[in-house]
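Per UniProt numbering: the sequence shown = residues 1 to 367. No residue lacks a Cβ here, since even glycine has one placed at the ideal position from N, Cα and C. Taking it in order: structure first as structure tokens, then the write-up.
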Amino acid sequence: MDEALVIAGGGPAGTAAALTLARAGQSPLVIERGEAADEKLCGCFLSSETEAMLARLGVEADRLGASTIDRVRLVAAHRSAEVRLPFRARGLSRHRLDGALIEAAARAGARIVRETIVAVAETGGGGGEIETRGKGRLRASTLFLATGKHEVRGAARPVTEPCHNIGLKQMFALSPRQRERLAGAVELYLFDGGYAGLQLVENGRANFCLVIGDSAWRARGGAWDDLVRSLTDEMPMLKERLEGAEPLLARPLAVARIPYGFLHTPGSADGGVYRLGDQAAVIPSFSGDGMAIALHSGIAAADSFLAGSAAADYQMRLRRRLARQFAVAGGLHRLASTGPGRTGLVATARHWPLPMRWAASLTRLSG
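Put into structure tokens, the structure is as follows:
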């Protein structure tokens, strides 16, 4: 089967591209692995520029019931500090957000194929031969690769640095008292080997995500319950928050080998494919701006195609746009990975909040 425009992946990056293309009169084919929108590991924190891009795409955070976040609370062991964010953020589950985006793309004219996995891509000249599990083989004149953290054989990200981390997520129904205490804030828990984030999303549910090095994972028991027990023993505030909390997912979501800091550099091996979202850039979760980058990359790639610009030019523009943001986010990520760094971050937030507000601004796409 021949297709002019194929978008592999129906997450925020892929649907942002699909919406932009469909609104311009194109009819992209979106290939999505899931039967329906479901929960994903990352992306429940929406910065102000994320909310603005969503609104331009016709998706209103208020209508989806997003929570409001205006403070960040840093916690390391028994120490904590709170800083007001220099912007208003929102909290929204990926289930709710991804569903709204893919529905908007379909209404705009994109064709959605679900329960189909892109297994192999042979790229060249901007498009490629795509082998799928479920729909056979497709020939795409132009391919947008937006498969998130899932690699596609034949078009895997050229990651050169070793990745020794694990991402985990659970959703909780907190007790009414702890839900009230968490409201309006995102709490970042810093610990030896990683960090965790806790925030409210729609309907008062709490999203708990963390990233941990694989050696720290093994040292803390190598199992979800052991890890949570270890962290709550170490951080009394987290123990308070999760006291009496009810897990809402049947099992925690998990992903390994997240290539934090990856920024794609186009080369001849790309075959002219447009890489979007995590296939183009993976910012440390600490920054909370991954969703903004996903949406921006999808819109920018579609605009580049519509303007007749080569995929390599789009990738270089994206790389330049993100370079400073990645440098600041990477520095904070490394700082949070050391004991003195964690202590220093909490102390700075408590006594000199202005530098923390600057750091929050500089890790934004618009910063």
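query                                                                                                                                                                            : result
Thinking C-beta only, is residue 336 closer than 8 Å to residue 146?                                                                                                             : no
Can you name the start and end residues of the alpha helix (DSSP H) that residue 310 belongs to?                                                                                 : Neither: residue 310 is in no alpha helix (DSSP H) and is coded neither H nor E.
Could I get the ranges of all uninterrupted alpha helix (DSSP H) runs contained in the region 200-269, with 4 residues as the minimum, in chain order?                           : 214-219, 224-234, 236-242
Kindly indicate which residue of 86, 136, 14, 313 has the alpha-carbon position closest to the one of residue 279.                                                               : 14
Three or more C-beta pairs under 8 Å: does that hold for the region 336-351 against the region 258-275?                                                                          : no
Put residue 366 into one of helix, strand or coil per three-state DSSP.                                                                                                          : coil
What does DSSP give as the partner residues of residue 80 in its beta bridges?                                                                                                   : 75
Just the C-alpha distance for residue 256 and residue 152, rounded to the nearest angstrom, thanks.                                                                              : 16 Å
Mind checking whether residue 43 and residue 197 have CB atoms under 8 Å apart?                                                                                                  : no
Hey, is the region 173-189 in contact with the region 213-227, meaning 3+ C-beta pairs nearer than 8 Å?                                                                          : no
Leaving out five residues before and five after residue 137 in sequence, what residues of the same chain have Cβ atoms less than 6 Å from its Cβ?                                : 131
Smallest Cα separation from residue 267: which of 59, 305, 287, 311?                                                                                                             : 311
Would the beta-carbon of residue 202 fall within 8 Å of that of residue 331?                                                                                                     : no
Drop a sphere of 10 angstroms on the beta-carbon of residue 249, count the other beta-carbons inside from all chains shown, and report buried for 16 or more, exposed for fewer. : exposed
Identify every residue that forms a DSSP beta bridge with residue 196.                                                                                                           : 189, 210
What distance in whole Å lies between the Cβ atoms of residue 110 and residue 24, which are believed to be in contact at a cut-off of 8 Å?                                       : About 11 Å; that fails the 8 Å criterion.
Only counting runs of 3 or more residues, tell me where the beta strand (DSSP E) segments fall wholly within the region 90-159, in order along the chain.                        : 111-113, 117-124, 127-133, 137-145
As a quick exercise: from 115, 141, 113, 341, pick the residue whose alpha carbon is nearest that of residue 122.                                                                : 141
Which residues mark the beginning and the end of the beta strand (DSSP E) in which residue 171 is found?                                                                         : 165-173
Is it right to say residue 264 is buried, meaning 16 or more other beta carbons lie within 10 angstroms of its own, or is it exposed?                                            : buried
Would you be able to state if there are at least three C-beta pairs under 8 Å between the region 307-326 and the region 78-85?                                                   : no
If I follow the unbroken beta strand (DSSP E) through residue 5, where does it start and stop?                                                                                   : 2-8
Using the DSSP secondary-structure output, state which residues sit across from residue 299 in a beta bridge.                                                                    : Partner(s): none; residue 299 has no beta bridge.
Which residues in the same chain as residue 316 place their Cβ atom closer than 7 Å to its Cβ, once the five residues preceding and following it in sequence are excluded?       : 266
Opposite residue 19 in the DSSP bridges: which residues?                                                                                                                         : Residue 19 pairs with nothing; no bridge assigned.
Taking only the alpha-carbon atoms, compute the straight-line gap between residue 294 and residue 38 and give it to the nearest angstrom.                                        : 17 Å
From residue 207 to residue 247, what distance separates their C-alpha atoms?                                                                                                    : 10 Å
For residue 38, name the three-state secondary structure that DSSP assigns.                                                                                                      : coil
Considering Cα atoms alone, identify which of 20, 45, 298 is closest to residue 185.                                                                                             : 45
How is residue 86 classed by DSSP in three states: helix, strand or coil?                                                                                                        : strand
With a 10 Å radius around its C-beta and 16 neighbouring C-beta atoms as the bar for buried, classify residue 338 as buried or exposed.                                          : exposed
Could you say which of 230, 16, 26 lies nearest to residue 402 if we only look at CA atoms?                                                                                      : Nothing about residue 402 can be read from this structure; the chain reaches only from 1 to 367.
Could you compute how far the alpha carbon of residue 19 sits from the alpha carbon of residue 221?                                                                              : 44 Å
My guess is that residue 98 and residue 11 are in contact by the Cβ rule of under 8 Å, so how many angstroms apart are they, rounded?                                            : 6 Å
In terms of DSSP beta bridges, what is residue 30 paired with?                                                                                                                   : 7, 112
Out of 102, 195, 59, 57, state which residue places its alpha-carbon closest to the alpha-carbon of residue 36.                                                                  : 102
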